[in-house]
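Each remark here refers to the structure printed beneath this line.
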Amino acid sequence: MPTQEVCIVPTKPDNFRLPRERLGISRLDTGPDKPGSHDIVGVLLQQNHDKHHMYFRDIAGHNHIPHAILTTMAMGGTVKELRRAYDDGEAIQRPKTAPDPIAVGEMEDPFKFLDRMQEIEEYSNFLAFFEKEFEANQGQWQDVFNHFVFARNPQSDFLLAQMFEGLYHPLIHLSFGVEFELSRACG
511 MPTQEVCIVP
521 TKPDNFRLPR
531 ERLGISRLDT
541 GPDKPGSHDI
551 VGVLLQQNHD
561 KHHMYFRDIA
571 GHNHIPHAIL
581 TTMAMGGTVK
591 ELRRAYDDGE
601 AIQRPKTAPD
611 PIAVGEMEDP
621 FKFLDRMQEI
631 EEYSNFLAFF
641 EKEFEANQGQ
651 WQDVFNHFVF
661 ARNPQSDFLL
671 AQMFEGLYHP
681 LIHLSFGVEF
691 ELSRACG
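Each residue of the sequence shown is one higher than the one before, starting from 511 at the first, in my numbering.
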């Protein structure tokens with residue numbers, strides 16, 4: 511794999527703050543949180559978001575760290591188990607690169623947006639683009655999602671089809687964001 515510039519782009523500290531009332535729809539452990547487990551979830555998700563790319567390899571290599579953390583949380587995981595969920599996947603992750611502000615700006619044009627689709631090296635640009643869209647919509651990721659996936663135009667039709675790529679990985683990722691009310695996971 512070629513060496514790439516690594517960029518940790520810190521986001522707002524509460525972007526991955528897990529609401530205490532949303533600890534998993536199918537929570538297996540209905541007792542109180544294990545000491546410290548609730549707080550570490552946000553820290554680990556933020557760390558993954560800031561450091562790692564969505565793909566650890568070009569084909570069939572999605573980053574599953576958020577899924578492992580949130581599933582462990584829903585099962586009543588301890589701090590040690592949550593850290594293990596993060597650590598198990600970290601060694602294989604591809605570093606996230608810095609977004610290109612020009613590329614991010616060009617994505618306002620639906621045709622240029624489509625031209626950049628399915629290019630793994632565009633991940634950081636798409637992430638920055640959608641984070642900008644979330645901010646412009648006061649964090650209402652649902653409005654952004656509806657616009658970009660269900661608007662019935664070439665751009666949205668393509669994105670809707672992409673929701674079923676990679677053994678439904680985008681739907682799984684989105685579903686975790688919805689279930690745990692984590693808007694940044696929906697990006």
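C-beta: ideal position from N, C-alpha, C; glycine also. Since the model is a prediction, treat every value here as computed from it, not as a measurement.
Under the DSSP assignment, residue 567 falls in the beta strand (DSSP E) whose first and last residues are 565 to 567.
Remark: C-beta atoms of residue 635 and residue 610 approach each other more closely than 8 Å. Under the DSSP assignment, residue 574 falls outside any alpha helix (DSSP H); it carries neither an H nor an E label. In the three-state scheme derived from DSSP, where H, G and I count as helix and E and B as strand, residue 545 is classed as coil.
In this structure, the beta-carbon distance from residue 575 to residue 562 falls below 8 Å. DSSP, reduced to helix, strand and coil, places residue 609 outside both helices and strands of the structure shown, so it counts as coil.
Taking residue 649 as reference, the option from 691, 600, 598 with the minimal CA-CA separation is 691. Across the set 560, 658, 548, 565, the C-alpha of 565 shows the shortest separation from the C-alpha of residue 604.
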